[in-house]
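Participant: Each residue of the sequence shown is one higher than the one before, counting from 1 in the working numbering.
Just so you know, even glycine gets a beta-carbon here, dropped at the ideal spot from N, CA and C.
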Amino acid sequence: MEPSLVNLIHLRDKEQSYRDKAYASADSFVRDHLLMQADTIKEQHTEMQRVMSDKPNPVLLELKHREEQLSLF
Numbered sequence: 001m002e003p004s005l006v007n008l009i010h011l012r013d014k015e016q017s018y019r020d021k022a023y024a025s026a027d028s029f030v031r032d033h034l035l036m037q038a039d040t041i042k043e044q045h046t047e048m049q050r051v052m053s054d055k056p057n058p059v060l061l062e063l064k065h066r067e068e069q070l071s072l073f
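1) Is the distance from the Cβ of A22 to the Cβ of L5 below 9 Å?
2) Please find out if some non-hydrogen atom of the ligand MG comes closer than 8 Å to the beta-carbon of P3.
3) How would you label E15, buried or exposed, when you count the other beta carbons within 10 angstroms and need 16 or more for buried?
4) What did DSSP end up calling D13 once you bin it into helix, strand or coil?
5) Just to confirm my understanding: we take M48, look at its own chain, exclude 5 residues before and 5 after, and list those with CB closer than 8 Å. What are they?
6) Which of helix, strand or coil does DSSP assign to L72?
See below:
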């Protein structure tokens with residue numbers, strides 16, 4: 001899954017959905033299985049956040065470039 005804000009939101013919502021289903025389930029096996037899936041999704045979400053924080057923000061790079069251009073004058 002490509003790192004993006006939309007995908008981060010999708011993973012967060014998917015994780016919450018699995019947790020909601022798990023807590024609503026009366027079967028402990030189903031609950032444990034859904035919680036394990038939610039934990040896996042949470043790990044994917046955390047990894048995607050880490051990858052995105054390592055990538056330079058194009059808006060901030062553009063602002064920095066413009067500030068440098070203005071300082072030349």
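Facilitator: To lay it out plainly:
1) Residue mapping note: residue 22 aligns to position 22 of the sequence shown, counting from 1. Residue mapping note: residue 5 aligns to position 5 of the sequence shown, counting from 1. In this structure, L5 does not lie closer than 9 Å to A22 by Cβ.
2) Judged by which ligands are present, the structure shown has none, so any question about the ligand MG falls away.
3) Position 15 of the sequence shown, counting from 1, holds the residue named residue 15. Buried, since its Cβ has 16 or more Cβ neighbours within 10 Å.
4) The residue given as residue 13 occupies position 13 in the sequence shown. Here D13 sits in helix by DSSP.
5) Against the sequence shown, residue 48 aligns to sequence position 48. These residues qualify, in order along the chain: M1, P3, N7, L8, L11.
6) On the sequence shown, residue 72 is found 72 positions in, with the first residue counted as 1. Correct three-state label for L72: coil.
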